[in-house]
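Chains as they are written, first to last, in the numbering used here: chain A, 1 to 309; chain E, 1001 to 1309.
Quick notes on the structure that follows.
Number of protein chains: 2
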Amino acid sequence: VVLLFKSDPDDTRGWTAELARRLPGVEVRTWPDVGDPADIEFCVGWAFPPGSLRGFPNLKGLQSLGAGVDHVFRDPDLPEALPIARIVDPYMTEDMTQWVMLNVLRFHKQDPDYRRLQAEGRWDELPPPSWRDRRVGVMGLGELGGHALERLRYFGYKLAGWSRTKKRIDRVETFAGEEGLRPFLARTDILVVLLPLTPETEDLLNRERLSRLPKGAFVINAGRGRLLVDEDLIAMLDSGHLGGAALDVFRQEPLAADHAFWKHPKVVITPHVSALTRAETAVPQIVENYRRALAGEPLLHPVDRRRRY
Amino acid sequence: VVLLFKSDPDDTRGWTAELARRLPGVEVRTWPDVGDPADIEFCVGWAFPPGSLRGFPNLKGLQSLGAGVDHVFRDPDLPEALPIARIVDPYMTEDMTQWVMLNVLRFHKQDPDYRRLQAEGRWDELPPPSWRDRRVGVMGLGELGGHALERLRYFGYKLAGWSRTKKRIDRVETFAGEEGLRPFLARTDILVVLLPLTPETEDLLNRERLSRLPKGAFVINAGRGRLLVDEDLIAMLDSGHLGGAALDVFRQEPLAADHAFWKHPKVVITPHVSALTRAETAVPQIVENYRRALAGEPLLHPVDRRRRY
Chain A
1 VVLLFKSDPD DTRGWTAELA RRLPGVEVRT WPDVGDPADI EFCVGWAFPP GSLRGFPNLK
61 GLQSLGAGVD HVFRDPDLPE ALPIARIVDP YMTEDMTQWV MLNVLRFHKQ DPDYRRLQAE
121 GRWDELPPPS WRDRRVGVMG LGELGGHALE RLRYFGYKLA GWSRTKKRID RVETFAGEEG
181 LRPFLARTDI LVVLLPLTPE TEDLLNRERL SRLPKGAFVI NAGRGRLLVD EDLIAMLDSG
241 HLGGAALDVF RQEPLAADHA FWKHPKVVIT PHVSALTRAE TAVPQIVENY RRALAGEPLL
301 HPVDRRRRY
Chain E
1001 VVLLFKSDPD DTRGWTAELA RRLPGVEVRT WPDVGDPADI EFCVGWAFPP GSLRGFPNLK
1061 GLQSLGAGVD HVFRDPDLPE ALPIARIVDP YMTEDMTQWV MLNVLRFHKQ DPDYRRLQAE
1121 GRWDELPPPS WRDRRVGVMG LGELGGHALE RLRYFGYKLA GWSRTKKRID RVETFAGEEG
1181 LRPFLARTDI LVVLLPLTPE TEDLLNRERL SRLPKGAFVI NAGRGRLLVD EDLIAMLDSG
1241 HLGGAALDVF RQEPLAADHA FWKHPKVVIT PHVSALTRAE TAVPQIVENY RRALAGEPLL
1301 HPVDRRRRY
């Protein structure tokens, strides 16, 4: 049996070594060195080119390397019955929560203003917002959003969450669906976006919706770039309605050199590094899913094809 | 009876209003409008000028408005038997922990590097340190240091603490005294300084001690400026031994316009705003201490004159 791996060329070696170590007797091939397509029984990775999976007649499962699987559904020829799993890696979840906390605290503590004052050599004390009154809202209440909210709770903020279907979370005001969006946004000073990208969530944060946030609100996006309409975000930052944005994901990655985000004084950019999936912590569930796929059992962390996440 | 209040002119009104509201029948005067010095029985505030307290013959207690009381001991004429209390305000403690967390996450997540890369328009992924391996060390294990360590524990870091006398804290490696300083510093990637300023801690972080930190370590100071030797910190940053510093407190405040910290690319400055003492949360313990001082009872959060904190 053969497992085919595909990821960024940078970090392929660590992954394939770890997979080979934990799957003795299994041949691990690395994209694009596929060999005979009929050999491939399990695929692990990121953004297989459209049409490629259809070409493996004996493929029994696809393991996405990330929490998001929108890259999988870009393939119009995705084999219909192929079981698909995503990664739920506790290392990666904590890593994401730390990126979220950095950016919530950055905006809560007025850090961009203090960086600007330092650059100007000015010792000015700004009126400080109270952590007791700070309203933080998280969109997406799955593994990542749920974990971020758990951590945010220790900080004493007023918390809310929004998801497609209603969820109950202790000490978090929850909203759901289209009708919950307006009241959720209207009470959110710091918005954390951790939604999956699906046909329903694409362009969700457009001008109309961003304008529902209170004046001076901040937007933090570590979900996917296509959740947010770039021009609308920039317009709302420029008009002064929004106070700032921290972005880790973009409609096109790497972000184009001439994109307005790069030099925008209210935009904080990280290059899709908010949370890393680590071979050492993620490989055990991949190994288990490999076993399950070959045995025809349901995968761990399966993807719902209808919902696309 | 008369209570005398002194603070920054900016925020005097909120405090005196809150004190008057909670102490009906007590006259609240505001520095420098002292009136008859014999009227003053209780002082609340910050940095009464040296010699001034000695001039109040009926003074029964002094309540410092901050967690630190080094400003009190700058007065060589401090009345010898005067009971002194400091504030332990849960609002302020949480505020400080949030400032500490912002800066620990800033350095842990390589944010200064990513800010520089954004300014250069460069999409570069840096090799990310793991939160599992990150060694954070806190100096000062009182109210503030203990609270910060409690919060840091959720983030999965390897934690250590240093204090004058040995303390035990769950899941934190503790060090004490001069002999504990070297091993504590040698294992600390991110150093958080929350010590009180006393004759023993002044200039504690000099070149010799900073050089014990591992190469690339970060220093976060929200204790007092005089804990740290400015020139030595700058030398260690310039030599590349230290990776960065986040400073909220300075030897002279406001920080002099020509101080090298302002423009140093590895120094992050906030103007002594890490944590705020709020009238609404702090006044109840001041009211209680007022009552105790007049009744001759021991104060809440008393200051040890020998230790000077």
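Think of the CB as a built atom: it goes at the ideal place given N, C-alpha and C, for glycine as much as any other residue.
Would you decide whether residue i is buried or exposed? Buried here means 16 or more other CB atoms lie within 10 Å of its CB.
i         : result
E:Asn1221 : buried
A:Ala119  : exposed
E:Pro1032 : exposed
A:Thr165  : exposed
E:Pro1049 : exposed
E:Gly1145 : buried
A:Ser239  : exposed
E:Lys1215 : exposed
A:Arg67   : The residue you asked about is not Arg; residue 67 of chain A is Ala in the sequence shown. Flag for A:Ala67 reads buried.
A:Pro9    : exposed
E:Gly1137 : buried
E:Gly1025 : exposed
A:Glu365  : Since the first residue shown for chain A is 1 and the last is 309, residue 365 of chain A is missing from the structure and cannot be characterised.
E:Arg1292 : buried
E:Gly1051 : exposed
A:Asp95   : buried
What are the partner residues of residue i, as DSSP defines its beta bridges?
i         : result
A:Trp31   : Answer is none; A:Trp31 lacks a bridge partner.
A:Ser163  : A:Ala176
E:Met1139 : E:Trp1162, E:Val1193
E:Ser1064 : E:Gly1045
E:Phe1218 : E:Ile1190, E:Gly1244
E:Val1268 : E:Ala1246
E:Ile1169 : E:Val1172
A:Lys6    : A:Gly45
A:Leu205  : A:Leu228
A:Ala256  : Answer is none; A:Ala256 lacks a bridge partner.
E:Ile1234 : None, per the DSSP bridge assignment.
A:Pro302  : A:Ala85
A:Ile40   : A:Val2
Who are the near neighbours of residue i in its chain, counting only those whose CB is closer than 7 Å to its CB and skipping five residues on each side?
i         : result
E:Asp1126 : Here the sequence assigns Leu to residue 1126 of chain E, which means Asp is not the residue at that position. Cβ neighbours of E:Leu1126 beyond the five flanking positions: Gln1110, Asp1113.
E:Ala1260 : Ile1234
A:Ala47   : His71
A:Ile40   : Val2, Leu4, Val34, Phe56, Asn58, Leu59
A:Thr201  : Leu195, Leu227
E:Thr1093 : Glu1143, Leu1144, His1147
Assuming residue i contacts residue j under a Cβ cut-off of 8 Å, what Cβ separation, rounded to an integer in Å, is found between them?
i         : j         : result
E:Thr1188 : E:Arg1153 : Not confirmed; about 16 Å, so no contact.
A:Leu185  : A:Gly161  : Not quite, the Cβ-Cβ distance comes to about 12 Å (not below 8 Å), so this is no contact.
E:Gly1045 : E:Leu1065 : 5 Å
E:Leu1003 : E:Val1034 : That pair is no contact at about 12 Å.
A:Tyr309  : A:Thr198  : 6 Å
E:Lys1266 : E:Leu1237 : 5 Å
E:Phe1218 : A:Gln98   : At roughly 15 Å, the Cβ-Cβ gap does not stay under 8 Å, so E:Phe1218 and A:Gln98 are not in contact.
A:Met101  : E:Met1101 : 7 Å
E:Leu1204 : E:Leu1242 : About 16 Å; that fails the 8 Å criterion.
A:Asp107  : A:Gly14   : The sequence given here has Phe at residue 107 of chain A, not Asp. Between A:Gly14 and A:Phe107 the Cβ distance is about 34 Å, and since that is not below 8 Å, they are no contact.
E:Leu1053 : E:Pro1076 : Actually they do not touch by this definition, with Cβ atoms about 11 Å apart.
E:Trp1131 : E:Tyr1157 : 6 Å
Kindly list the residues whose CB is nearer than 6 Å to the CB of residue i, restricted to its own chain and excluding five residues on each side of it in sequence; keep chain order.
i         : result
E:His1301 : Ala1085, Arg1086, Val1088
A:Leu117  : Asp124
A:Arg115  : none
A:Asn103  : Ile220, Ala246
E:Val1172 : Leu1149, Leu1159, Gly1161
E:Arg1022 : Val1283, Val1287
E:Asn1206 : Val1229, Asp1232
A:Arg122  : none
A:Cys43   : Leu4, Leu62
E:Leu1191 : Gly1137, Val1219
Please go through the same chain and pick out, in chain order, the residues whose beta-carbon is closer than 8 Å to the beta-carbon of residue i, but skip the five residues on each side of it.
i         : result
A:Arg212  : Leu181, Arg182, Leu185, Ala186
A:Val69   : Ile84, Arg86, Pro196, Val303, Arg308, Tyr309
E:Thr1016 : Phe1005, Val1028, Thr1030
Inset, instruction - Specify whether the stretch 1221-1233 of chain E and the stretch 1245-1256 of chain E touch according to this definition: at least 3 beta carbon pairs, one from each stretch, less than 8 Å apart. - result: yes
Legend entry - Inter-stretch contact at 8 Å, needing at least 3 Cβ pairs: the stretch 76-85 of chain A / the stretch 262-270 of chain A: By the C-beta criterion, the stretch 76-85 of chain A is judged not to be in contact with the stretch 262-270 of chain A, since fewer than 3 inter-stretch pairs fall below 8 Å.
Inset, instruction - Count the CB pairs spanning the stretch 58-72 of chain A and the stretch 286-298 of chain A that are closer than 8 Å, and state whether there are at least three. - result: The stretch 286-298 of chain A and the stretch 58-72 of chain A touch, with three or more beta-carbon pairs separated by less than 8 Å.
Inset, instruction - Could you tell me whether the stretch 1275-1287 of chain E touches the stretch 1256-1264 of chain E, using the rule of 3 or more Cβ pairs below 8 Å? - result: no
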